[in-house]
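Trainee:
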RNA sequence: GCCGGGGUGGUGAAACUGGUAGACACAAAGGACUUAAAAUCCUUCGGUCGCAAGAUCAUGGCGGUUCGAUUCCGCCCCCCGGCACCA
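Numbering (the working numbering), first residue to last: -18 to 811.
So this is what it looks like as structure tokens:
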């Protein structure tokens, strides 16, 4: 009876009754559960996707059955390169390709019984959505947080566009895995670095986020406390100084040379006109050709050359040579570093190679004045200052503070904070994205497109291939050539489009008010629905999307457009589905499609199996061996209810206090099951053990044999009916179709989802009889069954007569008896 | 290298604050029903010894704390994820 016909029947009824539509401003408490919306890639849904949406669906239905006003929307992150590539390959418009894919995916989501409020569906490539993405861009521009600059940017030679640092993973493009190159280009940036501190500090507020994700964000932001110190250049008529940044000012007396990035303007300037000029130029040129990854990999051998200059250590006046090296990068700190080979591994490696002196200034606590020649590696741990003038004898951890103060007082340096986080590069040289709404005018400069002219619609183009670092839009004359909105003179439209992460940085807000033509969203609706109570998605977005979404939220909070500054209260990152040890994905060709399984077993079995196989946060290696187990389980429930239907059709309510002993134990088993299922779901979504508890209960029902006189008693019949109903209610979020169906067979006219989950009766969750393990010296020697609350004396008496216990104690001296009421008895003997 | 998370039967996994290790399933074996098969129902199912009662070993390895450790502590091995010349 479990079948696709059944799936279809209920899916249609749910849709027709608008059962899962969220109600703005309902008096019920709201609950916003959101899945990271997908890119409509057109691949048939595979089990990896399904797991994700099934988890969200269970949460959504469960919350609904707890009486919440649930918002569970779905949309499409529909701008992006695959659509464009498909367009180039198959000569189909990206929009058309995207729409088709959305249709397919939507149908599939419905087929596994996911209940979204489809009336709120949004598509980021639709003008009524990207109009507001553009509007948000203008807000950033207005506040000075969007700016243009020329910078060496990450360039993907395959996608033919630039990308943000966050999109470069292990030196390759996160999407196409091509090695990323560097290209000097003028680009649009969002000043996310203005929010570095808040993005970092507010991680504390994210109590409902996995520790792992928070740590990843923290590392990405990469805040460090240090000192910037000025080293004067010896014999420099212009009074040049090299500024270095260090987090280890305590090692300043150990500086034996300075290292500077070869592209540092000062390096070039100091070498000018000397015999070092030419080699330095060559060295810099060589590094420029090298990709960022091979340059900054710590496997790359350290290389460098003396540039002919000496610098003076501001602490002790020592004269040290300046080297241009490959291991210092211009983008971080000041682009120059003081080298302390004794206490920094990189400097140590370099010093060994070029025979530079090593001077120990931090002594290991357990080692008296170890000579530098002895060091086989840098000593980077804590210790005591030596060879450090007036700071000798101090703990280095204390010296850091003292020496920072000293530097500030003597005006040779200042305390500085550095971040690894860089500004977000948001322009892309591609067609299928939201056009950046600005116009260039020779007279007025960069002019924002007036709000009334939004959206700047993507024009229809024939050739989607980007050319020479510019978007295909640049070839559309009608698009590019527009009058300047300010002076009316000749203007040129920006042809870059926005990074798609912009569209996904605020979509959760649009779901609260998806049809608004006058604003991105209405503040009152936002106040009602936001923040998202439960966000669910893949760990792969731990930095990219989640950091950007937090940034947008804080920006909108500052504009007073929203009333909270963190978007997601709870975050759940589900484990990926693997096949042959690899993430399931279309490009790898290792997908297991959901469709055939749904055809064979129905949606409920597929859902149940995915949930039962492992806890949801854990990654699972796909194997459909176990699917029969869920199929049988659902069959057992159906048969049980069908078979007992004559007995329970008109059964009355259970009156717990009047139950005879045997049935009371039955009732307690039911209550314990309710408690366990709800606890497991509410404690980190452990659906697997919740389902196992229900299986156990069903097994109990099959095994239970009432006595002759109870068989047809009204108490027994009431208990059977209650059990059947509670099983269905508890199981409904997991396997909704069969539960609806059986609920109906029990005689209910309304959807099961309009009912509350059962509550357990706290007076009936403790079994009256307990099996207690009996140990001798912690080793299990037997078990006794006692009624709850049996006294210590009686329990010991009962346990003490067990032959195994007598044998184990015989001839030994009893030292102690451990007794835990109703739980454990343990004799300690010598 | 650093930071996270793991390592439990043939398999997926349970064991929530230290208290009966392996719940619940899959696979396997046997049985019942059936002309037969499927479906269903019942039984067995970590290793070794034993007819059995039971004994003994067993949660990556070695130690420690404890009456008692999958759980706490120390050291080590392996796997997965993240970060990584960031000064």
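Just so it is clear, CB atoms sit at the ideal spot from N, CA and C, and this is done for glycine as well.
1) Please give me, in chain order, every unbroken run of the alpha helix (DSSP H) with length at least 4 that falls completely inside the stretch 613 to 665.
2) Helix, strand or coil for residue 134 per DSSP?
3) For residue 761, is the classification buried or exposed, using 16 other Cβ atoms within 10 angstroms of its Cβ as the cut-off for buried?
4) Just curious, the alpha helix (DSSP H) that residue 305 is in, first and last residue?
5) Residue 370 to residue 344, Cα distance in whole Å?
6) Indicate the three-state DSSP secondary structure (helix, strand or coil) for residue 410 in the structure shown.
7) What residue does the beta strand (DSSP E) around residue 387 start on, and which one ends it?
8) Determine the DSSP secondary structure at residue 472, reduced to helix, strand or coil.
9) CB residue 92 to CB residue 733, shorter than 7 Å?
10) Taking only runs that begin and end inside the stretch 308 to 337, name each unbroken alpha helix (DSSP H) of 4 or more residues, in chain order.
11) Any idea if residue 540 is buried or exposed, counting beta-carbon neighbours within 10 angstroms, 16 or more meaning buried?
12) Within the continuous alpha helix (DSSP H) that includes residue 43, where are the two ends?
13) Please report the distance separating the alpha-carbon of residue 679 from that of residue 185.
14) In whole angstroms, what separates the C-alpha of residue 652 from that of residue 741?
15) Have a look at 94, 682, 296, 460 and flag the residue whose alpha-carbon is nearest the alpha-carbon of residue 211.
16) Kindly provide the ranges of any beta strand (DSSP E) runs that are 3 or more residues long and lie completely inside the stretch 690 to 759, ordered along the chain.
17) Starting from residue 679, trace the alpha helix (DSSP H) in both directions and tell me its first and last residue.
18) Just to confirm the assignment, what range does the beta strand (DSSP E) spanning residue 164 have?
19) By alpha-carbon positions, which one of 457, 155, 473, 293 ends up nearest to residue 138?
20) Anyone know if the C-beta pair for residue 397 and residue 207 falls short of 7 Å?
21) Got a sec? Which residues, its chain only, sit under 7 Å from residue 476 by beta carbon, not counting five neighbours each side?
22) Short of 7 Å in beta carbon distance, which residues of its chain neighbour residue 633, apart from the five on each side in sequence? Order them along the chain.
23) Okay, do the stretch 87 to 106 and the stretch 142 to 152 touch, 3+ Cβ pairs below 8 Å being the bar?
24) Can you tell which of 766, 228, 50, 224 has its C-alpha closest to the C-alpha of residue 753?
25) Between residue 745 and the rest of its own chain, which residues show a CB-CB distance below 7 Å, the 5 nearest in sequence each way excluded?
26) Taking just the CA atoms, how far does residue 84 sit from residue 690?
27) Check each candidate in 409, 743, 715, 709 and name the one with the smallest Cα separation from residue 143.
28) Classify residue 465 as helix, strand or coil using the three-state DSSP reduction.
29) How far does the alpha helix (DSSP H) with residue 115 in it reach, from first residue to last?
30) At what residues does the beta strand (DSSP E) containing residue 177 begin and finish?
31) When you compare each of 562, 536, 314, 38 to residue 55 by their alpha carbons, which one comes out closest?
32) Starting from the Cα of residue 252, find the closest Cα among 335, 214, 709, 319 and give me that residue.
33) Pick helix, strand or coil for residue 487, following the three-state DSSP scheme.
34) Kindly indicate the opening and closing residues of the beta strand (DSSP E) around residue 146.
35) Where residue 813 and residue 198 are concerned, what is the direct C-alpha to C-alpha distance, given to the nearest angstrom?
36) In whole angstroms, what is the alpha-carbon distance linking residue 220 and residue 21?
Mentor: Judging by the given coordinates:
1) List check, alpha helix (DSSP H) in window: 642 to 663.
2) In this structure, residue 134 counts as strand in the three-state DSSP scheme.
3) Burial call: exposed.
4) Where residue 305 is concerned, there is no enclosing alpha helix (DSSP H), although the beta strand (DSSP E) it sits in stretches over 300 to 306.
5) Cα to Cα, the separation comes out at about 14 Å.
6) In the three-state DSSP reduction, residue 410 falls in the coil class, being neither helix nor strand.
7) Counting along the chain, residue 387 falls outside any beta strand (DSSP E), though it belongs to the alpha helix (DSSP H) covering 377 to 390.
8) Strand, per DSSP.
9) Residue 733 is positioned such that its CB atom lies no closer than 7 Å to that of residue 92.
10) You should have 326 to 335.
11) Around the CB of residue 540, fewer than 16 other CB atoms lie within 10 Å, so the residue is classed as exposed.
12) It spans 28 to 45 - the alpha helix (DSSP H) in which residue 43 sits, taken as one unbroken run.
13) Their Cα atoms are separated by approximately 44 Å.
14) In this model, residue 652 and residue 741 are separated by some 5 Å (Cα to Cα).
15) For the options 94, 682, 296, 460, the alpha carbon positioned closest to that of residue 211 is the one of 296.
16) If one requires a minimum length of 3 residues, the beta strand (DSSP E) runs lying completely within the stretch 690 to 759 are 750 to 757, in chain order.
17) Segment 668 to 684, the alpha helix (DSSP H) holding residue 679.
18) In this chain, the beta strand (DSSP E) harbouring residue 164 covers 162 to 171.
19) Per the Cα distances, 155.
20) Yes, the pair counts as a contact, with Cβ atoms nearer than the cut-off.
21) Answer for residue 476: 451, 452, 454, 455, 461, listed in chain order.
22) If we look at residue 633 and ignore the five residues flanking it on each side, its Cβ neighbours are 695, 699.
23) They do not touch, by the three-pair rule.
24) Nearest to residue 753 by alpha-carbon distance, out of 766, 228, 50, 224, is 766.
25) Here the set comprises 637, 648, 649, 652.
26) Distance from the CA atom of residue 690 to the CA atom of residue 84, rounded to whole angstroms, is 59 Å.
27) Comparing Cα-Cα distances from residue 143 to each of 409, 743, 715, 709, the minimum goes to 409.
28) Assigned with DSSP and collapsed to three states, residue 465 falls in coil, not helix or strand.
29) Counting along the chain, residue 115 sits inside the alpha helix (DSSP H) bounded by residues 108 to 123.
30) For residue 177, no beta strand (DSSP E) encloses it; the enclosing alpha helix (DSSP H) starts and ends at 177 to 182.
31) Ranking the options by Cα distance to residue 55, first place goes to 38.
32) Measuring from the Cα of residue 252, the nearest candidate turns out to be 214.
33) Note: residue 487 maps to coil in three-state DSSP.
34) DSSP places residue 146 in no beta strand (DSSP E); its state is neither H nor E.
35) Residue 813 lies beyond the residue range present for the chain, which begins at -18 and ends at 811; the question has no answer from this structure.
36) Whole-angstrom Cα-Cα distance: 60 Å.
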